[in-house]
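J.: According to my numbering, the sequence shown is numbered sequentially starting from 1180. Yeah, the Cβ is synthetic: ideal placement off N, Cα and C, and Gly gets one too.
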Amino acid sequence: MKFSNASTTASIISDYGFGDLVQDPKDSDWIFFNGSFSNGVISFGESGQSNMLENLGKTDAFVCGIRPDGNFLREVSLEIISTPDENTDIAHDVLPKAGRATYLEGTSFEASVPEMIQKTATIEGKIYEDVIRYVCTGFNVEGTITGGTENKYVFTLNEDMRLIFNWQKKIAVMVDSQFVNSNSPSEAFGNPEPAVGRHYYDNLDRVILQIDGMVKSYENPGTRHIVSGFTQNGVFKPIDDPVEDRLQVTQFTVAEPVLVRFYWAKQYRIQVSTSGSSSSSLPLIRSVDSSGNAVSQYHGVGEFWFDSSSNIRIMSKEYENLLGLSGWFNGSGGIADTGELTDLDTQLISNDPYRYLSILSLNTEITITWDYGDRIFRELVKIGDPLRFIHVPKEIRMQREHDQPPANTTLVDTPPDTTISNMYLWSEKELRLYPTRPGVFILEWFMEGTEERMKTEITSIWPEQTSYMHVANTPPVLMDISDTDERTFKSLIYTESEATVSIENQFESLKRGHSLLYYTHVDYQDTQPLDIYLSMDGVDDYIDLGTEINLTNTPFTIEFWARRASIDKAQDLITQDSENNGLRIGFKNTNVLTFSFSEIELDTPIPYADNSWHHYALAFEPEGYTRYIYVDGNLIAFESYENGQPYINQGSVLVGKSDHSYFHGDIDDIRFFSTVRTAEAILTSKNSALTQNTESLAAYYPLDRHLPSAYIAEKTGQLPEAAMHNVYLETAWQFKENFVKQASTGDEQSECVLLKSVETRFWNDHFIQSQTAIATEIKSQYHDSAVPHNGYVFFEKARYNVEAYNRNTMKGPLFAVNTQYTSSPEDDLVIVWYRMQDGINWPWQPEKFTAYWPETSNRIVIASRFGSEGKDKNGKDQTVFYHNRYQNVRLYNQPDPDKAGYNPNEEHAGIFSSFKHMTDANPPSAAYALRNNLNITVKSDAFTSEPFVLVQYTDIRINKVDMAIYAIEAMDESMGYTFEYPIKAGDIVAGPYPLNEIIGANPPNEIYGESGKTDQQITYWEDHKGTPWCISGNSFLYAYFIIRWIHHSGIPKNSQARPSVFP
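#1: Do the segment 2102–2116 and the segment 2082–2093 make contact, defined as three or more Cβ pairs closer than 8 Å?
#2: Do Ala1788 and Asn1813 have their C-beta atoms within less than 8 Å of each other?
#3: Just to confirm my understanding: we take Arg1253, look at its own chain, exclude 5 residues before and 5 after, and list those with CB closer than 6 Å. What are they?
#4: Assuming Gly1563 and Pro1642 make a contact with CB atoms under 8 Å, what is their CB distance in whole Å?
#5: As a quick exercise: from Lys1331, Tyr1795 and Tyr1313, pick the residue whose alpha carbon is nearest that of Val1320.
#6: Using only alpha-carbon positions, find the residue among Glu1975, Ile1711 and Phe1799 that is nearest to Tyr1880.
#7: Can you round the beta-carbon distance between Leu1501 and Ile1575 to whole angstroms, since I take them to be within the 8 Å contact cut?
#8: Do you know how far the Cα of Gln1950 is from the Cα of Ile2162?
#9: With distances taken from CA atoms, which of Asp1339, Ile1849 and Phe1556 is nearest Val1178?
#10: Is the separation between the beta-carbon of Leu1730 and that of Leu1696 shorter than 8 Å?
#11: Tell me which same chain residues have a C-beta within less than 8 Å of the C-beta of Ile1418, skipping the five on either side of it?
#12: The beta strand (DSSP E) spanning Arg1742 covers which residue range?
#13: Apart from the five residues on each side of it in sequence, which residues of its chain come closer than 6 Å, Cβ to Cβ, to Phe1686?
#14: Per DSSP, which residues does Asp1553 bridge with? Please list them.
#15: From the DSSP output, in three-state form, read off Asn2248 for me.
#16: Consult DSSP for Pro1565 and reduce its assignment to one of helix, strand or coil.
#17: Tell me the DSSP secondary structure of Ser1291 in three-state form.
#18: Which full runs of the beta strand (DSSP E) of 3+ residues lie inside the segment 1958–2027, going along the chain?
#19: Name the one or two DSSP bridge partners that Leu1933 has.
#20: Where does Ile1210 fall in DSSP's three states?
#21: Under the rule that 16 or more other beta-carbon atoms within 10 Å means buried, what is Asp1702, buried or exposed?
#22: Does DSSP put Val1201 in a helix, in a strand, or in coil?
#23: Straight-line CA distance for Pro2242 to Gly2212?
#24: For Ile2019, count the other beta carbons within 10 Å of its own beta carbon; 16 or more makes it buried, fewer makes it exposed. Which is it?
#25: Once you ignore the five residues that flank Ser2047 on each side, which residues in its own chain have a CB closer than 8 Å to its CB?
#26: Quick test of the definition: if touching needs 3 or more C-beta pairs under 8 Å, does the segment 1974–1985 touch the segment 2005–2017?
#27: Just to confirm, are Ile2041 and Val2068 a CB contact at a threshold of 8 Å?
#28: Does DSSP put Ala1374 in a helix, a strand or coil?
#29: Within the segment 1801–1857, note down every full beta strand (DSSP E) run reaching 3 residues or more, in order along the chain.
#30: Kindly indicate which three-state DSSP category Asn2244 falls into: helix, strand or coil?
#31: DSSP on Met1658, reduced to helix/strand/coil?
#32: Tell me the residue span of the beta strand (DSSP E) that contains Ala1280.
#33: Do you know how far the Cα of Asn1987 is from the Cα of Glu1627?
#34: Does Leu1200 pass the burial test, meaning 16 or more other C-beta atoms within 10 Å, or should it be called exposed?
#35: Helix, strand or coil for Gly2046 per DSSP?
#36: With burial defined as no fewer than 16 other Cβ atoms inside 10 Å of the residue's Cβ, what is the status of Pro1204: buried or exposed?
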């Protein structure tokens, strides 16, 4: 050791280890020198073996070792390389240390690293432990053949060494199964390969996973599990079509931890079949969401699998051509064994009706066989109307052989005694069928070009408003009133009320119920426009042409004749969906004609404010969006619109009605064409009837009353009859002035069918309660003034004037003559009023009257001697029955309570010559009464009448029978009406007028009198004949007059008049 210009200190140490220089125990004789030096250079060993240490300006330490052989120890390096991941620094323990370090030669080592390093990873938001592994696969010493598979190496370092530990990266692939709607059967379910669990693959290995895509249950063949999809590190990959064999996940390279989770769904089988091969394409099965929207669907028959708890609709099309669904059979699982169409819900799919069963939560297998057979078209027909086939699609309706009656009839639910021959009427003239009684029956129709038959189920019902209302137990009604009118009564074709029609064609019925009358009606042929037309009242009547006239996305022309009855008023003639800016053809209140739809109007430049017939034609060409208006064959207005749209509105085409008005006027000859007609074509044909084969004619309604019912024939034969609403047929059909009507012959081969329904009710089913004053003529708003007689008094014993009104002929005015309080309804005053319909007088409205005694100023004061000619309660003159105006003046008196019009004469009234006009050559008659206190007025069966006098007379000025009523009073001192009368001495004592007329010349013995002042003067004296006399004056006397009258019981009784005082 040599020091050069250095200040040194040094010491010798043995058995000492220092720094990285490790003393080898076997070399215990090693000697180490250590010390420090500064300000120079220190060198060790011989030339060629020396190491020189140069001081860097500070005090530096040094150490050196000497082997036993005297040589210096050498410094050698050891570099340990351990890199588990070339791309990522992986912290781990390396012994003695990782990297390069220097050591004394001969030092012994045990270098090592962990056998395995485990790392975590986050997958789908979850931390997974031990999903990446770094495994030590061994070591090797660089530059040598030394190596091994261990994770440690024991050696003595004598030379520089580079020791490398080798690593293998292992990445986990985790396999899992999740069961969505059921419990997990087992971890091995579906035989996944690799199995459920964690598997480690070398980095960048390629992996293929497999599993059974479907696992069927051998115990329950209607149940299975399928792999509905899988996730790979959170990315879901659905399996749309279940895989029956092994499902293979797309091969992938393992570069990171992978979690593959298979999703299993439990499914149930739904087996769908139909009753025939021709219907096999009609079923539909859907899985729907909570809003009913389809999630998945399948058509046809077969096996269909759906997840457990799915909301399922098992559906089938209701009909296809002549095939129709009637229900199902062979049902199992969650549905009934059998079911009918009414047990099913309905849903429209692409405008086709489907029937379905709803399974809200599928939890078992299901089988069903849809039962198809002949499609049955159901029609609801009101009795009296023709069968219109409005629910039969046009293409099927047109295939029916129109000139053939039904091929077969099946009665389903009909009244007793119904046969095929009386269930309906087939008109050979019209080629139409009319149901004639209520019920349900099925008709089969011949079809052109096929052996199949169209079936219609007809439900016939009585109309809500029958043709005629009738009250039972009223006089017979004459059915055919004329031999020269347009219809002929044929027969009573059906009755529920045991109605009869006599050989004289008189209808009557004793029970409630319906009846049907059969007429034939004249059908006019070869008519031209305006010969026959329809008059509309502008109140509520209109025509519904139906929904089959197609104006959508096509050119069209609409023509018609019209005559307005109201001007200066907005009225529409032809509309479709007018409330939604659809078609509107009509007049504005300015009298211009408007052609409007889609919020665009085309108006005529001039108004039409007259009440004359005009022909109107309106055309639309979608190309260029052009509209035209023709009036009387002349083009009046046209216009094209940019950016216009085709006509798209749908719905019923209405005549005479819109969303805000009804047409008031006349209309005729309505035509629809599927082209834009030229002015020449319009002008040439407007005055002539068309044939059904006229070019481009889409619909034609001549309005020539070819049907006498509330329907209008469509002449192309393509559309059902149009329906009239609220139209009074008797007045709605009008004829031009010089049209010659024909008389009906009753020939069924040449005349139309006319059926009229009658509803018979008992009088108290729908009567009206009213009041009437006694002796006031009874009139009613319910009685038709066109009827040639009065109403009918329903109960024979009612209290009405039997002298003025004849119940058998129903002629004469009706008056109540008494009130009644009996318990017998036969005493009630019920009048059945008549109305004339189709020229027939029908008893239709019962009215029950309660009679009352009126408050009247008319009176008879007994003491007045003037009777009905005295002053009334107000001191005014009363009617005088002069012969030149009033005839047949009589007292009303009917004393028998068991007969009609009971009112006994308890007032001892009578008609006598006028006392007031006694000196006239021909004095008028007046009514008198002698009593007002004999009436029985207790409101019970014993009631007779109130104290009134009823007088009947004929007013010849108006040739009418009328009545007057008078209250009865005994006296009225204010008017001087008292029982005190002047008499002269020497005069016979006679009763006051008219008592003297009643008693006559031979007074009965019961009459007596007495002097007024018996103690002073005798004034009353009877001679030997019993005749009373007044024999002195300047005094007074009393006279008592007894008259004899007969009670209604037949027992004679005496009646004592009040005393008469004669001063």
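T.: Let's see:
#1: yes
#2: no
#3: Glu1284
#4: 6 Å
#5: Lys1331
#6: Ile1711
#7: 7 Å
#8: 49 Å
#9: Past the edges of the chain, shown from 1180 to 2242, lies residue 1178, and the structure says nothing about it.
#10: no
#11: Gly1392, Ile1405, Val1406, Ser1407, Gly1408, Phe1409 and Leu1426
#12: Phe1735 to Arg1743
#13: Val1656, Met1658 and Val1680
#14: Leu1502
#15: In the structure as shown, the chain begins at 1180 and stops at 2242. Residue 2248 is therefore absent and cannot be evaluated.
#16: coil
#17: strand
#18: 2008–2016
#19: Tyr1698
#20: strand
#21: buried
#22: Reliability fails at Val1201, whose pLDDT of 42 lies under 50, so the model's placement of it is uncertain and the value that follows must be treated cautiously. Val1201 falls in the coil class under three-state DSSP.
#23: Per-residue confidence for Pro2242 stands at a pLDDT of 41, beneath the threshold of 50, marking its modelled position as unreliable; no derived number is given.
#24: buried
#25: Asn2037, Ile2039, Gln2057, Thr2058, Phe2060, Ala2105, Ala2106, Tyr2107, Val2128, Val2130, Ala2143 and Tyr2145
#26: yes
#27: no
#28: coil
#29: 1805–1810, 1813–1819, 1832–1834 and 1843–1852
#30: With the chain covering 1180 to 2242 only, the question about residue 2244 has no answer from this structure.
#31: coil
#32: Gly1278 to Leu1283
#33: 60 Å
#34: Unreliable positioning characterises Leu1200 in this predicted model, as indicated by a pLDDT of 41, which lies under 50. The coordinate reading is nonetheless provided below. Leu1200 is buried by the Cβ-count criterion.
#35: helix
#36: At Pro1204 the pLDDT is 46, less than 50, meaning the model places this residue with poor confidence; the figure from the coordinates comes in the next sentence. It counts as exposed.
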